[in-house]
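For reference, the structure is listed below as structure tokens.
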Amino acid sequence: MLIEWSDELSVGIQEIDEQHKVLVGLVNEMHDAIHARHGSEVSSEILQRLAEYTKIHFAVEESLFRIFDYPGYEEHKAQHDELIREIIELQEKIAAGKTNISFQLLHFLKMWLTQHILDSDKEYSPYLLKSGLKAKSSQAGWFHKLWH
Amino acid sequence: MSISEQDLVNFHESLDRASSSGKFMDVFYDGFIASSIDVEMIFKDTDMDRLKRKLKSSLHMMTMLVDNEPGTEMYVGHLARVHDRYNIPAEMFNVWMDLLIEAVRVCDQEFDVRTENIWREVIGRGIAIMTQGADAKVIEAV
Ligand code: HEM
Ligand SMILES: [Fe+2]
Numbered sequence: 020m021l022i023e024w025s026d027e028l029s030v031g032i033q034e035i036d037e038q039h040k041v042l043v044g045l046v047n048e049m050h051d052a053i054h055a056r057h058g059s060e061v062s063s064e065i066l067q068r069l070a071e072y073t074k075i076h077f078a079v080e081e082s083l084f085r086i087f088d089y090p091g092y093e094e095h096k097a098q099h100d101e102l103i104r105e106i107i108e109l110q111e112k113i114a115a116g117k118t119n120i121s122f123q124l125l126h127f128l129k130m131w132l133t134q135h136i137l138d139s140d141k142e143y144s145p146y147l148l149k150s151g152l153k154a155k156s157s158q159a160g161w162f163h164k165l166w167h
Numbered sequence: 051m052s053i054s055e056q057d058l059v060n061f062h063e064s065l066d067r068a069s070s071s072g073k074f075m076d077v078f079y080d081g082f083i084a085s086s087i088d089v090e091m092i093f094k095d096t097d098m099d100r101l102k103r104k105l106k107s108s109l110h111m112m113t114m115l116v117d118n119e120p121g122t123e124m125y126v127g128h129l130a131r132v133h134d135r136y137n138i139p140a141e142m143f144n145v146w147m148d149l150l151i152e153a154v155r156v157c158d159q160e161f162d163v164r165t166e167n168i169w170r171e172v173i174g175r176g177i178a179i180m181t182q183g184a185d186a187k188v189i190e191a192v
């Protein structure tokens, strides 16, 4: 396992934690696939799922920022946009046979995700909670139902 | 200069001493923002408290770069792209480093020439990646 989930990574909002766990799970799945030498098709397919889920997750965070008028919105969105841009470019390069999925990439994704959660996501949760967002969803949220 | 394990230990200790002074990031950013109108303009909309916290983790990251930790070069390349939209001239990165080291001098009681050289070497490697032709670095590092 490349990334071990720990309480340190929790932002204190259940729905967001669940989504972060899915992202962690996908990076770990890609790591396992590379270790098991499953071939580039398998890892590209996982990267595709990671890209899709990441976009949805970012959209969820950003809509919460808008609803609650989070002051760090622009800066946070810029970080999301940059990662998405890089992943898309990477997928294009992979499709064109110019590069492939490497340990460098996996470790980059690990660093990006953990740094982003620790430095940026943990910044918004106290604000959102203070503004009235519930820490726990009483039932699995709409997002959970859609995805699983 | 090549960087030894001991140098990296010294770097971390110096960073810890400077950080525990409680004013390291303030001294650095106050000095940097005051260094020119251009720098001041670039930071005009920035939440500085947030940035100060982030910079500390990226200073640790610079030592991981020296250690050739996998993914770090790509991460610093990504950081460079995050800076692209500000069109920061290369000289400003040198000012950035000089003033960062000035701030260490003020905040680390045990600062000496040797410590300074280690800081220049470690941070210099990060800056080299930050300033080399900005595009597509992350992708190239794959
Ligand atoms: C090696 C040198 C440098 C390092 C390691 C560094 C590090 C960082 C980091 C970690 C961030 C936060 C990025 C994020 O996650 O959003 C950041 C943002 C930023 N940096 Fe740097 N930086 C460096 C040099 C510079 C220089 C020379 C300037 C010139 C003015 C600069 C201006 C900025 C600005 C304007 C932001 C964005 C703040 C915002 O979002 O409002 N940085 N930097
Ligand atoms: Fe985020």
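One line per chain: the protein sequences are A and B, in this order.
Numbering-wise (the numbering used here), the first sequence opens with residue 20 and increments by one.
Numbering-wise (the numbering used here), the second sequence opens with residue 51 and increments by one.
By construction, the Cβ of each residue, glycine as well, lies at the ideal position given by its N, Cα and C atoms.
Please determine if the stretch 154–167 of chain B and the stretch 102–109 of chain B are in contact, where contact requires at least 3 C-beta pairs separated by less than 8 Å.
-> Using a C-beta cut-off of 8 Å, the stretch 154–167 of chain B makes no contact with the stretch 102–109 of chain B, since fewer than three inter-stretch Cβ pairs fall below that distance.
Give the straight-line distance between the Cα atoms of ILE113 (chain A) and VAL156 (chain B), rounded to the nearest whole angstrom.
-> One C-alpha to the other measures close to 48 Å.
Would GLN98 (chain A) pass as a contact of HIS135 (chain A) if the rule is Cβ separation under 9 Å?
-> Taking 9 Å as the cut-off, the beta carbon of GLN98 (chain A) is found closer than this to the beta carbon of HIS135 (chain A).
Let me have the residue list for ligand 2: C-beta closer than 7 Å to any non-hydrogen atom, ordered along the chain.
-> Cβ atoms closer than 7 Å to ligand 2 belong to A:PHE77, A:GLU80, A:HIS95, A:GLN98, A:HIS99, A:HIS135, A:SER139, A:ASP140.
Kindly indicate which residue of B:ARG170, B:ILE92, B:GLU55, B:HIS62 has the alpha-carbon position closest to the one of ASN137 (chain B).
-> Residue B:ILE92 is the option with its Cα nearest to ASN137 (chain B).
Grab me the residues of ILE173 (chain B)'s own chain with a C-beta within less than 7 Å of its C-beta, minus the 5 sequence neighbours each way, in chain order.
-> Excluding its 5 nearest sequence neighbours in each direction, ILE173 (chain B) has C-beta neighbours in its own chain below 7 Å: MET112, MET147, LEU150, listed in chain order.
Going by the CB atoms, is the gap between ILE65 (chain A) and ALA78 (chain A) shorter than 9 Å?
-> Contact: no.
CB-CB under 7 Å to ILE87 (chain B), same chain, minus the five flanking residues each way: which ones, in chain order?
-> Answer for ILE87 (chain B): no residue qualifies.
Report the residue ranges of all beta strand (DSSP E) runs contained in full by the stretch 68–150 of chain A; include only those spanning at least 3 residues, in chain order.
-> Within the stretch 68–150 of chain A, complete beta strand (DSSP E) segments of at least 3 residues are not found at all.
Nearest chain B C-beta to SER139 (chain A) closer than 9 Å, yes or no?
-> Chain B contact via Cβ: present.
Can you have a look at THR73 (chain A) and say buried or exposed, based on whether 16 or more other CB atoms are within 10 angstroms of its CB?
-> It counts as buried.
Residues near GLU81 (chain A) by beta carbon distance below 6 Å, same chain, minus five either side | Counting only Cβ-Cβ distances below 6 Å, and skipping sequence neighbours, we find LYS96.
Determine the closest residue to MET114 (chain B) out of A:SER144, A:LYS155, A:MET130, with distance taken between C-alpha atoms.
-> Nearest option by C-alpha distance: A:MET130.
Backbone CA spacing between ASN60 (chain B) and ASP117 (chain B) [nearest angstrom] = Going from the Cα of ASN60 (chain B) to the Cα of ASP117 (chain B) covers about 14 Å.
Would you mind sorting THR122 (chain B) into buried or exposed? The rule is 16 or more other CB atoms within 10 Å of its CB.
-> That one is buried.
What distance in whole Å lies between the Cβ atoms of GLN33 (chain A) and SER156 (chain A), which are believed to be in contact at a cut-off of 8 Å?
-> Correct: roughly 6 Å between the Cβ atoms.
Supposed close pair ILE120 (chain A), SER59 (chain A) - CB separation, criterion 8 Å | Correct: roughly 7 Å between the Cβ atoms.
Between ALA186 (chain B) and GLY127 (chain B), what straight-line distance do the alpha-carbon atoms span, to the nearest angstrom?
-> For ALA186 (chain B), the predicted model reports a pLDDT of 42, less than 50, meaning its position is unreliable; a value from the coordinates is still stated below. Within the model, the alpha-carbon separation for ALA186 (chain B) versus GLY127 (chain B) is close to 8 Å.
Can you find a CB in chain A that lies within less than 9 Å of the CB of ASP117 (chain B)?
-> Interface annotation, ASP117 (chain B): not in contact with chain A, CB-CB separation never under 9 Å.
How would you list, in chain order, the residues of chain B whose beta-carbon sits under 7 Å from the beta-carbon of HIS126 (chain A)?
-> Here the neighbours are PRO120, GLY121.
Chain B partners of GLN134 (chain A), CB-CB under 7 Å?
-> Here the neighbours are SER107.
If ALA68 (chain B) and ASP158 (chain B) are in contact, beta carbons under 8 Å, what's the gap, nearest whole angstrom?
-> Taking the Cβ atoms as the reference, ALA68 (chain B) lies roughly 4 Å from ASP158 (chain B), within the contact range of under 8 Å.
When we look at the beta-carbon of ILE86 (chain A) and count the other beta-carbons within 10 Å, is it buried (16 or more) or exposed?
-> It counts as exposed.
Report the rounded CA-to-CA distance for ASN167 (chain B) versus LEU152 (chain A), giving the unit in angstroms.
-> Those two C-alpha atoms are separated by around 49 Å.
CB of LYS94 (chain B) within 9 Å of CB of ASP76 (chain B), strictly | Going by beta carbons, LYS94 (chain B) and ASP76 (chain B) fall outside the 9 Å limit.
Among residues of its own chain, excluding the 5 on either side of VAL132 (chain B), which ones have a beta-carbon nearer than 8 Å to its beta-carbon?
-> Excluding the 5 residues flanking it on each side, VAL132 (chain B) has no same chain C-beta neighbour closer than 8 Å.
ILE106 (chain A): buried (16+ other C-beta within 10 angstroms of its C-beta) or exposed?
-> Burial is judged here by how many other beta carbons sit within 10 angstroms of a residue's own beta carbon; ILE106 (chain A) has at least 16 and is buried.
Report all residues from its chain with a CB closer than 7 Å to the CB of SER139 (chain A); omit the five preceding and five following residues, and keep chain order.
-> For SER139 (chain A), the CB contacts under 7 Å within the same chain, skipping 5 residues up- and downstream, are HIS95, GLN98 in chain order.
Buried versus exposed call for ASP97 (chain B) [16 or more other C-beta atoms within 10 Å across all chains shown] | It is exposed - the Cβ of ASP97 (chain B) has fewer than 16 other Cβ atoms within 10 Å.
What did DSSP end up calling ARG67 (chain B) once you bin it into helix, strand or coil?
-> In the structure shown, ARG67 (chain B) adopts helical secondary structure according to DSSP, grouped into three states.
Just to check, is the beta-carbon of ASP97 (chain B) closer than 8 Å to a non-hydrogen atom of ligand 1?
-> Answer for ASP97 (chain B): yes, Cβ within range of ligand 1.
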